[in-house]
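In my numbering, the protein residues as written are 4 to 502.
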């Protein structure tokens, strides 16, 4: 699930006037307070052009947060069956806490996935498509060890961070003239907090704008925000991202962090393991042959991270996880190696202190393409392949609260036969038989990319490619995988201390 500023879909703000379903969070709440719930995850820049202190204190106490309770869908539209991994390792120390295969109405497919994890449940937020709908629509799930609850879509835009005690924070969008707010997960729903900042005056956003306000919990549990301005569709100006610190006694500290050009933009904005503000950016117009990725710390120039081998159409590095304590490496990223054959662990301490280390996990290189260009309109003979490796989108990096790094990837096994026929002049299209199968690999990584410990878990039939989103809280790691055929998702929670 991508936590960056580039997500195009904005979910509607839902103001519910009914009570939450019993049992969803195991707690009760009133209209203004709640008990924090846990965890979060799941794609040409310029930095720091100035910092400005702006006063906003009116002497009035902030308004009480508004409780937005979960609203269950009755009857539920999705169903779940056990995935089988809990039973498969029941006679030995087993890291699998729960494993659910989830199916929603026929034909629904997830194409944007987000995940937040806690000690005993997972929050799943999706954009799905369906043959019966003209456009995509949101779907939200609360997943526990013994049940899956489908609820009305979560309010807000995206999961962004979590506090030290695990409360999940979620961004909200607002337009000109509207009050900036953000969301905090509590038992039974979400608290909507007002942010007392005059966005139009203090962030130089103009008159017509839409802003996603992303709450970012700091190491001391103070609150900062990334505010991403999206200009109107007929406005060719660059988008902007501000970093907002505070509040102080009577002011906020705002800094222009990123200015987006039309063919580039931020991948991730947040804080590292040393609580420093930084951003990842992409600048394909600067080095189009390598589609460079850059890192920039607040107040510093951008630093290129070196060429790498993104999958075709997949240029986003995994959003780096932030532990609850200060550890090294300050930033860690899992990505495809420059040669495009294996994974690579990228570590960042400072803009001039980078490391790149091979990880013993091979990428999938298929031998039978789905489409072949044929100038003479003569299609090639049938193609048989028996190959294995990690397909596009099938890997991620998690960091548990103690700072340990966990690489997760889906090893796909393909035994297929492909026959070709002319689709149109110059192009033959393949028809493939044979279902892919896979294993989920989980490995603790040392700072040099070496395995400390690892485990593999059989997944059975999978899609190819299989998209995966991970999230971590404390010693728990959550995994969200899309599924083939009538199923839509598979959700797992792992206790990595049992590996």
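For glycine and all other residues, C-beta sits at the position ideal for the given N, C-alpha and C.
Here residue 346 really is in contact with residue 398; their C-beta atoms are around 6 angstroms apart, less than 8 angstroms.
DSSP places residue 474 in the strand class (E or B) of the three-state scheme. Spatial neighbours of residue 441 in its own chain (CB-CB distance under 7 angstroms, excluding positions within 5 residues in sequence) are listed in chain order as 413, 414, 415, 416, 462, 465, 469.
For residue 91, the enclosing alpha helix (DSSP H) starts and ends at 88–91. At a Cβ-Cβ threshold of 7 angstroms, residue 372 and residue 423 do not count as neighbours. Within 10 angstroms of the beta-carbon of residue 455 lie fewer than 16 other beta-carbons, which makes it exposed. Residue environment analysis places residue 393 among the buried positions, since at least 16 neighbouring C-beta atoms fall within 10 angstroms of its C-beta. Comparing C-alpha distances from residue 119 to each of 106, 375, 146, 190 shows the shortest one belongs to 146. Ranking 474, 351, 141 by CA distance to the CA of residue 111 puts 141 first. Judged by DSSP in its simplified three-state form, residue 160 adopts coil rather than helix or strand. For residue 139, no beta strand (DSSP E) segment is defined, and its DSSP state is neither H nor E. By the Cβ rule, the segment 144–161 counts as touching the segment 64–79, because three or more pairs are nearer than 8 angstroms. Using a 10 angstroms sphere on the CB of residue 484, the tally of other CB atoms reaches 16 or more, which defines it as buried. Under the three-state reduction of DSSP, residue 405 is assigned to coil, being neither helix nor strand. Scanning its chain for C-beta atoms nearer than 7 angstroms, with the 5 sequence neighbours on each side dropped, one finds around residue 327 the residues 167, 404, in chain order. By a beta-carbon distance limit of 8 angstroms, residue 309 does not contact residue 299. Their separation comes to about 15 angstroms.
In this structure, the beta-carbon distance from residue 475 to residue 401 falls below 7 angstroms.
Judged by their CB atoms, residue 163 and residue 172 are nearer to each other than the 7 angstroms cut-off.
For residue 101, the number of other beta carbons within 10 angstroms of its own is at least 16, and it is reported as buried. Residue nearest to residue 495 within the set 501, 427, 473, 339 is 473 (criterion: CA-CA distance). Spanning the alpha carbons of residue 65 and residue 199 requires a straight line of approximately 7 angstroms. It is roughly 6 angstroms from the alpha-carbon of residue 230 to the alpha-carbon of residue 214.
With fewer than 16 other Cβ atoms from the protein chains shown falling within 10 Å of its own Cβ, residue 427 counts as exposed.
Beta-carbon to beta-carbon, residue 79 and residue 153 are separated by about 5 angstroms, close enough to satisfy the 8 angstroms threshold. As a beta-bridge residue in DSSP terms, residue 425 pairs with 431. Exposed is the label assigned to residue 342, since fewer than 16 other Cβ atoms lie within 10 Å of its Cβ. Ranking 77, 97, 113, 69 by CA distance to the CA of residue 492 puts 113 first. Here the C-alpha atom of residue 481 lies approximately 45 angstroms from the C-alpha atom of residue 377.
Between residue 460 and residue 216, the gap from beta carbon to beta carbon reaches 7 angstroms or more. Taking every protein chain shown into account, the CB of residue 385 has fewer than 16 other CB atoms within 10 angstroms, so this residue is exposed.
Residue 225 counts as exposed, since fewer than 16 other C-beta atoms from the protein chains shown sit within 10 angstroms of its C-beta. Between residue 227 and the set 257, 201, 451, the nearest pair of CA atoms involves 257. Taking the C-beta atoms as reference points, residue 367 is found no nearer than 7 angstroms to residue 359.
Within a 10 Å sphere around the beta-carbon of residue 176 sit 16 or more other beta-carbons, which makes this residue buried. Excluding sequence positions up to five before and after residue 150, its CB lies less than 6 angstroms from no other CB in the same chain.
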